[in-house]
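What follows is one structure encoded as C-alpha cells, with my remarks underneath.
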Amino acid sequence: MVFENIEFLWLLLLLIPAFFFIKSNRHDLENLFKREVFDLIRVRNGAIPRRVRAILILSSISFIIVALARPQIDNGEVEVKSSFIDVVVALDMSRSMFCDDIYPDRFEFAKREFIHSLNFFKKSRVGLLGFSSRTFLISPLTEDFYSLKYLAKNISLDYISLKGTDLLNLLESADALFESDRRKILLLFTDGGDSKDFSREIEYAKEHNIVVYVYNIGTKKGGVIKLK
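The sequence shown begins at 869 in this note's numbering and counts up by one.
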C-alpha cells in the first residue's frame, strides 16, 4: 500500500499524548476539546462510558487522518480503452478563401460551420489544423470545445494566407496528431485546389487508415477574392 499524501500521517503522532492524557484520568475529557465542539460530540444520556467515548473519538480522528493521506493499492499499470473518437479538422487558409461568393467570405463561413459541427462531436477529441501550401497546428486533440471555439473565432487570414494547397503535407500533419492506429477521421473545410490528380494523397490515406470527409465551400458562380 502507498499513500498519495503521506505527510498527513505525521498527525497520528499527536494522538499518542492525547490518548495517555485521557487514560490517566487526571482531567476530564472536556479539557481536550473546546466547549462548543464537545457539546456536539458527547452523548448526553451517559450511555457510553467516558473512556469509551474518548477512544471512539480518537479512533474517528485517526481514520480521518488516514483518509487524508489517501491510501492506495498499487496493482500495476492498467490499460483503459477510451470510447472517444479522434477527429482532426482542417481549415483551408489559402488565399482563395477570401472569396466573397459566400457571406461574408469563404473562410468566415468555414469557421462558423466548424464551430457548429462541434455540437455533433459529443464523445470525441478534436484537433484543429490550418492548411494551404503549408500546414499550421492550431490545437492538438482535445475535449475542450470552448477553447476550440475561441481559437477558431480568432483565426485570421490577414497574416498567414498563402497561395496553393498541399493536401499531402496536410495528411502527414494530421496523421502525426492521431495517437493510435485505429480508424482516423479527417474533416476538411476547403474550396478545393488547382490539382486534378490526387492519387498520392489517396494512397497515403489508405496506407495510414485515414478516412477523409470534405466540406466543399464555394459556389459554381464564384466571386471576388478580396486581397487585404
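For every residue, glycine included, the Cβ atom is placed at its ideal position computed from N, Cα and C.
Note that the coordinates shown come from a computational prediction; the quantities given were computed from them, not determined experimentally.
Asked	Found
Got a sec? Which residues, its chain only, sit under 7 angstroms from residue 880 by beta carbon, not counting five neighbours each side?	930, 933
Starting from residue 993 and walking both ways along the beta strand (DSSP E), at which residues does that stretch end?	992-999
Just to confirm, is the Cβ distance from residue 1007 to residue 1019 under 7 angstroms?	yes
Would you call the stretch 958-977 in contact with the stretch 1053-1065, where contact means no fewer than 3 C-beta pairs closer than 8 angstroms?	yes
With which residues is residue 1083 paired in a DSSP beta bridge?	1057
Is the beta carbon of residue 1092 less than 7 angstroms from the beta carbon of residue 973?	no
Closest to residue 1032 by C-alpha separation, out of 882, 1062, 1025, 1026, would be which residue?	1062
Which residue's Cα is closest to the Cα of residue 1060: 870, 920, 978, 942?	978
Using beta-carbon positions only, say whether residue 966 and residue 991 come within less than 7 angstroms of one another.	no
Give me, in chain order, the residues of the same chain whose beta-carbon lies closer than 8 angstroms to that of residue 1066; leave out the 5 immediate sequence neighbours on both sides.	1035
Threshold first: 4 residues or longer. Then list the alpha helix (DSSP H) segments lying entirely within the stretch 949-993, N to C.	974-985
Going by the CB atoms, is the gap between residue 1041 and residue 1010 shorter than 7 angstroms?	no
Counting C-beta neighbours from all protein chains within 10 Å, is the total for residue 1088 16 or more, i.e. buried, or is it exposed?	exposed
Quick check on residue 1031: does DSSP put it in helix, strand or coil?	coil
Let me know if residue 993 comes out buried or exposed under the rule of 16 or more other beta-carbons within 10 Å of its beta-carbon.	buried
So what does residue 920 bridge to, in DSSP terms?	Paired residues: none, contrary to the question.
Looking at the structure shown, is residue 1021 part of a helix, part of a strand, or coil, going by DSSP?	helix
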